[in-house]
Ligand code: C2E
Ligand code: CA
Ligand code: CA
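In this note's numbering, the protein residues as written are 1 to 749.
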């Protein structure tokens, strides 16, 4: 007969470690003793067998109806039929079994048949009480027959009935015992299988690296903890996180928040750092899975934890790779933008806060990289990175943007322009000392463009591109740094306009020189003048040099203009005299013309043509001009020095704070930048700067000129500070040649 369970179970032999049980016979000595079934009984039954078997067919019908009258029994029968069983055969088989009892057979074969019947009842789900009911029907039917059938002798009737009862009891006992044994066997099998599966699961759980545990929410107890969990958590297991004591305080809150989420029914995953052990920080991934009942109430939470330290550090390494510049180890452009974005986000939330964005270009890098090779270039970049990093705070971001370009973000500074200027000076100083590569000294300078949030833009990209354009403008103007100027877009169109008109301006004689005198503070005498160029523009009138000189430089027209200035200034000044003392003339030479080859030759020629000595002339150049190519500049200066021409450093104090170059160059004069003079009246810091420039100049054997002196108070202050010369509106505005000569002639003798 087929078994009611559809799933195929493993046989005991397939299972490792399955025990083989010796079958224990149901019928033992005590069995027959208890039933007191004797040979006489069985012989009597055998004798009347045929009589008792009368009417069996009708009885089968009764049994059949009995079975199907009960809906529970009918269900089992139909299930049997669905599994391919034949109910007719079943009933016939049952009847046959009962008839067999009547032959009084109690040998092993008969016992085995009864046993099999009991087992099959168990398999089919036939309840014991149903077969007891069937036996009762059977007995009733036979008792009637025994009492009435004339073929049974009167004297035999009681004994026959007693034998029949014993025989039926015997069969009931055997089938029940077999039924029960089948049930026990099935249970044992299931238990073995379960045990086997449990062993497998246990083996698995103690060998996988993941820690697993289950928390019963009602009692907040850990209802299961895998062997790994127990091994990992040496302290008594705490619910709900057995190793919460290992999670540092800062991380603990995150875990507890996640736990709250899981109790609300969400699956949660998170990564936490565990308190450092001998091998450093370890990272664990935790996952919580809620098991809810149908109404959505979470009853249990299954938890998993695994060590992901390796993964974590791989990921960190990857992140670093994608945001780090390999040559310098600094953040790359991506990370720089990212930090800029965050700094802007913070600044937007803090009224009054600002952010300065700087772009630095290393001026001589390309030359070194090309001449000494990439290895030298890389080394240089990384040394530059290190020096720059030292002048910045931890909260600032220094990045290599690519090539020889670096970027700086100064977040949350209250007065970003001031802060940026301070940083710029420190940056320039930090790069002033020569770099060394294979025992060679390499000198570098940088040009910096600065844009400030919110004045120059709101967005990271806008600010970065403004800083970039400011940097290019600074390069053009050969100044070390410039802030972004919004009108530079406007001035770009002026550039365009001027560029057409500048051509031929020389030939059309549209230039004129104005002269501004310099006074010797000690003697009060006029001792020289500076030539300042003006353009008599046909439409715009007098145009100041700041507007057209950059255009002339850009158009490559500056050298002929310088030559004209040189020639004109020498010609006009050679006839001047103030109090019959000799007067020198200063001319401004911009970076481009200073660097143009043959400048010294042209100056020598101009001096010869004018018939004046070199000492009559002073050349003013800015620090930026010097630093753009220090070596070449040094050569030019020494040649000028040989001619007797003096050299003044113009706008001193605004450019490179590096002073080391000054002592090695033949410089005669420092001109303190006007901005310090104008601030002197009310800013003690400016006084301090002026004082130290004067001191520095004197230590270097230079004369110090203060230009842009507009009032008597400053003049006096300068005199007290020991300044040598002053120049400014306080003495005179720049004047055209004729007016200047007139002015000189009216000086008190
Ligand atoms: P700089 O060489 O620093 O010249 C001094 C500037 O300060 C001049 O402006 C002058 O007019 C102005 N100044 C003089 N005294 C005072 C004062 O008391 N108060 C104030 N606020 N300003 C005063 P300018 O003439 O407009 O020249 C501007 C710049 O143009 C010069 O600055 C110089 O760098 C450049 N420049 C002038 N002439 C030439 C030239 O012939 N060739 C070249 N390459 N550049 C020139
Ligand atoms: Ca000047
Ligand atoms: Ca100046």
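Think of the CB as a built atom: it goes at the ideal place given N, C-alpha and C, for glycine as much as any other residue.
Item: If you draw a straight line from the C-alpha of residue 534 to the C-alpha of residue 546, how long is it?; Value: 10 Å
Item: Measuring straight from C-alpha to C-alpha, what distance separates residue 212 and residue 430?; Value: 57 Å
Item: To which residues of the same chain is residue 734 closer than 7 Å at the C-beta, ignoring the five residues directly before and after it?; Value: 514, 515, 516, 532
Item: Is residue 520 near ligand 2, going by C-beta to nearest heavy atom under 7 Å?; Value: no
Item: Which value, in whole angstroms, describes the spacing of the CA atoms of residue 616 and residue 703?; Value: 16 Å
Item: So the beta strand (DSSP E) residue 440 belongs to, where does it begin and stop?; Value: 440-442
Item: Any chance you could list the alpha helix (DSSP H) runs of at least 4 consecutive residues sitting entirely within the segment 483-565, in chain order?; Value: 488-502, 545-554
Item: Considering only residues of the same chain and omitting the five flanking positions on each side of residue 2, which have a CB-CB separation below 6 Å?; Value: Low confidence applies here, because residue 2 scores a pLDDT of 40, under 50, leaving its location unreliable; read the following figure in that light. Counting only Cβ-Cβ distances below 6 Å, and skipping sequence neighbours, we find 83.
Item: Could you check what DSSP says for residue 48 in three-state terms: helix, strand or coil?; Value: coil
Item: Regarding residue 620 and ligand 1, is the C-beta to nearest heavy atom distance less than 7 Å?; Value: yes
Item: List the whole-angstrom C-beta distance separating residue 499 from residue 542, where the pair is believed to meet the contact cut-off of C-beta under 8 Å.; Value: Their Cβ separation, rounded to whole angstroms, is 19 Å, which puts residue 499 and residue 542 out of contact at 8 Å.
Item: Between the segment 477-486 and the segment 436-452, can you find at least three pairs of beta-carbon atoms closer than 8 Å?; Value: yes
Item: At the level of alpha carbons, what is the spacing between residue 17 and residue 194?; Value: Residue placement at residue 17 cannot be trusted, given a pLDDT of 48 that sits under 50; the coordinates are not used to answer.
Item: On a Cα-Cα basis, can you pick out the residue from 518, 249, 74, 736 that is closest to residue 126?; Value: 74
Item: When the Cα atoms are used, what is the spatial distance from residue 743 to residue 566?; Value: 22 Å
Item: Enumerated in chain order, which unbroken segments of the beta strand (DSSP E) with a length of 3 residues or greater are wholly contained in the segment 346-398?; Value: 354-362
Item: Can you tell me the Cβ-Cβ gap for residue 722 and residue 694, rounded? I've got them flagged as a contact below 8 Å.; Value: 6 Å
Item: Could you say which of 104, 355, 732, 79 lies nearest to residue 415 if we only look at CA atoms?; Value: 355
Item: Per DSSP, which residues does residue 620 bridge with? Please list them.; Value: 588, 648
Item: Put residue 627 into one of helix, strand or coil per three-state DSSP.; Value: helix
Item: Helix, strand or coil: which one does DSSP assign to residue 175?; Value: helix
Item: Residue 639 by DSSP, collapsed to three states: which one?; Value: helix
Item: Would you identify the three-state DSSP class for residue 747, choosing helix, strand or coil?; Value: coil
Item: Which residues in the same chain as residue 210 place their Cβ atom closer than 6 Å to its Cβ, once the five residues preceding and following it in sequence are excluded?; Value: 304, 306
Item: Would you kindly report the start and end of the unbroken alpha helix (DSSP H) that includes residue 212?; Value: Per DSSP, residue 212 belongs to no alpha helix (DSSP H); it is in the beta strand (DSSP E), 211-216.
Item: Would you mind sorting residue 649 into buried or exposed? The rule is 16 or more other CB atoms within 10 Å of its CB.; Value: buried
Item: Look at the alpha carbon of residue 598 and the alpha carbon of residue 670, and state the distance between them as a whole number of angstroms.; Value: 25 Å
Item: How long is the line joining the alpha carbons of residue 466 and residue 451, rounded to whole angstroms?; Value: 6 Å
Item: Three Cβ pairs or more, each shorter than 8 Å: is that satisfied between the segment 305-324 and the segment 214-227?; Value: no
Item: Taking C-beta to C-beta, are residue 347 and residue 412 nearer than 8 Å?; Value: yes
Item: Judging by CA-CA distance, which residue of 147, 227, 457 is the nearest neighbour of residue 201?; Value: 227
Item: What does the alpha-carbon distance come out to for the pair residue 657 and residue 326?; Value: Note that residue 657 has pLDDT 49, beneath the 50 cutoff, so the model's placement of it is unreliable and the number below is only indicative. Taking the straight line joining both Cα atoms gives about 31 Å.
Item: The alpha helix (DSSP H) spanning residue 676 covers which residue range?; Value: 674-679
Item: Between residue 528 and residue 584, how many whole angstroms is the CB-CB distance? I'm expecting something under 8 Å.; Value: 4 Å
Item: Per DSSP, which residues does residue 453 bridge with? Please list them.; Value: 355
Item: With DSSP as the reference, identify every bridge partner of residue 436, one or two as the case may be.; Value: 441
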